[in-house]
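Under this note's numbering, the first residue of the sequence shown is numbered 755, with each subsequent residue one higher.
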Amino acid sequence: MLNPLFFTVCSLAEYPSALALGRSIHRQIPGAKFWIGLADRLERLPAHAPRPFPVADVEKIDLPDLAALTGRYTWLEFLHLTRPFFARYFLEIEPSTESLFFLGPECSFMAPPTAALTAFSTASIGLFPQRLTPPADPTRLPAERLVLNEGVYQGAAWALRRGPEAERFLTWWSARLHSTGFLNLCEGYGLDQLWFNLVPAFFEEVLCLREPGYGLSVVNADERQLVHSPSGWEVNDVPLVLVNWTGFDFRQRRWANYLTNRRTETEWDELAREYESNRPFDMNLSKLTPTFGRAYQPRRTPIGRYRITRPLRRIVAWIDRFQP
């Protein structure tokens, strides 16, 4: 995979993170092409927001039934379902590009992704697993059941090589997300990521790269020992290449509270500060309401019903943790 086109898809609120991602790509791969797909209207991006990278908004891509999708999906669901449509758009407008490398806006390169580019050079679809080892204590989170529920492979990092198999994959994936791009884990819907579980079975020339230096995230932080060595950042004695900061609490310098098996070493504080130093300020973009998609409205549970279901939830939780 020589000279791939890197791209991300972000909301207005995530635009500063997308800029930080682009800067990390140019630090590690000087001269690399990087596009930002904006799941909104470009005209809503304030004039004071820097634009060092080319930006394409959602109205540029071939997204059928845009008005209907806005009413059907939440902001988050709409954002994620646009990813395969942006992938196809970038392949169309960059005819000389032979491969794409997608990264979520909250990702950051810490070293050149040489191993991934080499490994994916002969693959039509490149994936990264969420975890590489079973957890030491399966009763604590993150555990295997969390990965099975949300997706075995990372939705925030994947690659494609132009060709019939990649086109077949994009056609299938975009159709599924267009019709069932929901976030409802109880019903088996996990945005764009959960569909990757089927990719190795449905498609040819799929490569899963098992490297601990790629995709350090909330799901696998417990299995990867972070160290700042004289030569740079390392995890499990190999160079740290790619970090996904989704789910990291930058105020408290730790992963989300629901994870009972999370790392809290001082190295995380240092790495987080390094990332923040390269991320532009908020620019008040987080206050802007997305144009497409509807606001998420959680269902309210009457207090009486909650009192009835509380003991049942305890029983279900005990069953989930039970090990025969």
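For glycine and all other residues, C-beta sits at the position ideal for the given N, C-alpha and C.
Out of 944, 921, 923, which has the shortest C-alpha to C-alpha gap to residue 830? Mapped onto the sequence shown, residue 830 falls at position 76. Selected option, being the one with the closest Cα: 944.
Report all residues from its chain with a CB closer than 7 Å to the CB of residue 1043; omit the five preceding and five following residues, and keep chain order. Numbered from its first residue, the sequence shown carries residue 1043 at position 289. There are no such residues.
So does the stretch 893-903 actually touch the stretch 797-807, counting three or more Cβ pairs closer than 8 Å? no
Around the Cβ of residue 971, are there at least 16 other Cβ atoms within 10 angstroms (buried) or fewer (exposed)? For the purposes of this step, residue 971 is taken as residue 217 along the sequence shown, with counting starting at 1. Within a 10 Å sphere around the beta-carbon of residue 971 sit 16 or more other beta-carbons, which makes this residue buried.
On a Cα-Cα basis, can you pick out the residue from 913, 934, 982 that is closest to residue 760? By 1-based counting over the sequence shown, the position of residue 760 is 6. Residue 913 is the option with its Cα nearest to residue 760.
For residue 763, name the three-state secondary structure that DSSP assigns. In the sequence shown, the residue the question calls residue 763 occupies position 9. Note: residue 763 maps to strand in three-state DSSP.
If I follow the unbroken alpha helix (DSSP H) through residue 932, where does it start and stop? Numbered from 1 along the sequence shown, position 178 holds the residue referred to as residue 932. Residues 918-934.
Length of the line joining the Cα atoms of residue 791 and residue 812: Position 37 of the sequence shown, counted from the first residue, corresponds to residue 791. Position 58 of the sequence shown, counted from the first residue, corresponds to residue 812. For residue 791 and residue 812, the distance between alpha carbons rounds to 7 Å.
Note down, in chain order, each residue of its chain lying with its Cβ closer than 6 Å to the Cβ of residue 817, except the 5 sequence neighbours on either side. Sequence index remark: in the sequence shown, residue 817 carries index 63 (1-based). Cβ neighbours of residue 817 beyond the five flanking positions: 839.
Residue 954 in three-state terms, based on DSSP: On the sequence shown, position 200 is the one that residue 954 refers to. Three-state result, residue 954: helix.
Excluding the five sequence neighbours on either side, which residues of its own chain have a C-beta within less than 6 Å of the C-beta of residue 958, listed in chain order? What you label residue 958 is simply residue 204 of the sequence shown in a count that begins at 1. Cβ neighbours of residue 958 beyond the five flanking positions: 919.
Beta-bridge partners of residue 988, as assigned by DSSP: Locating residue 988 in the sequence shown gives position 234, where the first residue counts as 1. Beta-bridge pairing links residue 988 to 981, 993.
In three-state terms, what does DSSP make of residue 862? Within the sequence shown, numbered from 1, the residue matching residue 862 stands at position 108. Looking at residue 862 - three-state DSSP - the assignment turns out to be strand.
What residue range does the beta strand (DSSP E) around residue 857 cover? Looking up residue 857 in the sequence shown gives position 103. From DSSP, the beta strand (DSSP E) with residue 857 extends over 853-857.
When DSSP builds the beta bridges, which residues end up paired with residue 1045? If you number the sequence shown from 1, residue 1045 lands on position 291. Paired residues: none, contrary to the question.
Take residue 789 as the anchor and find which of 795, 779, 797 has the nearest alpha-carbon. The count along the sequence shown starts at 1 and reaches residue 789 at position 35. When each option's Cα is compared against that of residue 789, the closest is 779.
Spatial distance of residue 1063 from residue 782 (CA atoms): Translated into the one-based positions of the sequence shown, residue 1063 becomes position 309. Translated into the one-based positions of the sequence shown, residue 782 becomes position 28. So the alpha carbons of these two residues sit roughly 52 Å apart.
Using three-state DSSP, classify residue 913 as helix, strand or coil. The sequence position of residue 913 within the sequence shown is 159, counting from 1. Three-state DSSP puts residue 913 in a strand.
Can you find the residues in the same chain that come closer than 6 Å, C-beta to C-beta, to residue 834, ignoring five residues on each side of it along the sequence? As a first step, residue 834 is located in the sequence shown; it is residue number 80 there, counting from the start. Answer for residue 834: 945, 946, listed in chain order.
Classify residue 790 as helix, strand or coil using the three-state DSSP reduction. Your numbering for residue 790 matches position 36 in the sequence shown. Residue 790 falls in the strand class under three-state DSSP.
Which residues in the same chain as residue 776 place their Cβ atom closer than 6 Å to its Cβ, once the five residues preceding and following it in sequence are excluded? Counting from one through the sequence shown, the residue named residue 776 turns up at place 22. Excluding positions up to five away in sequence, the list reads 788, 807.
Counting Cβ pairs, one atom from each stretch, are 3 or more of them under 8 Å apart for the stretch 760-771 and the stretch 848-861? Three or more pairs of CB atoms, one per stretch, sit closer than 8 Å, so the stretch 760-771 contacts the stretch 848-861.
Per DSSP, cross-strand counterpart(s) of residue 1002: Translated into the one-based positions of the sequence shown, residue 1002 becomes position 248. Beta-bridge pairing links residue 1002 to 1009.
For residue 828, list the residues DSSP reports as bridge partners. For the purposes of this step, residue 828 is taken as residue 74 along the sequence shown, with counting starting at 1. Residue 828 is bridged to 1048.
Around the C-beta of residue 907, are 16 or more other C-beta atoms found within 10 angstroms, so that it is buried, or is it exposed? Within the sequence shown, the letter at position 153 stands for residue 907. Label assigned to residue 907: buried.
Whether residue 873 touches residue 963 by CB criterion (9 Å): Position 119 of the sequence shown, counting from 1, holds the residue named residue 873. Position 209 of the sequence shown, counting from 1, holds the residue named residue 963. Result yes, Cβ atoms of residue 873 and residue 963 sit closer than 9 Å.
Alpha carbon to alpha carbon, what distance is there between residue 851 and residue 922? If you number the sequence shown from 1, residue 922 lands on position 168. If you number the sequence shown from 1, residue 851 lands on position 97. One alpha carbon belongs to residue 922, the other to residue 851, and they sit about 18 Å apart.
Would you call the CB atoms of residue 981 and residue 864 closer than 9 Å? Your numbering for residue 981 matches position 227 in the sequence shown. Your numbering for residue 864 matches position 110 in the sequence shown. No, the pair does not count as a contact, with Cβ atoms beyond the cut-off.
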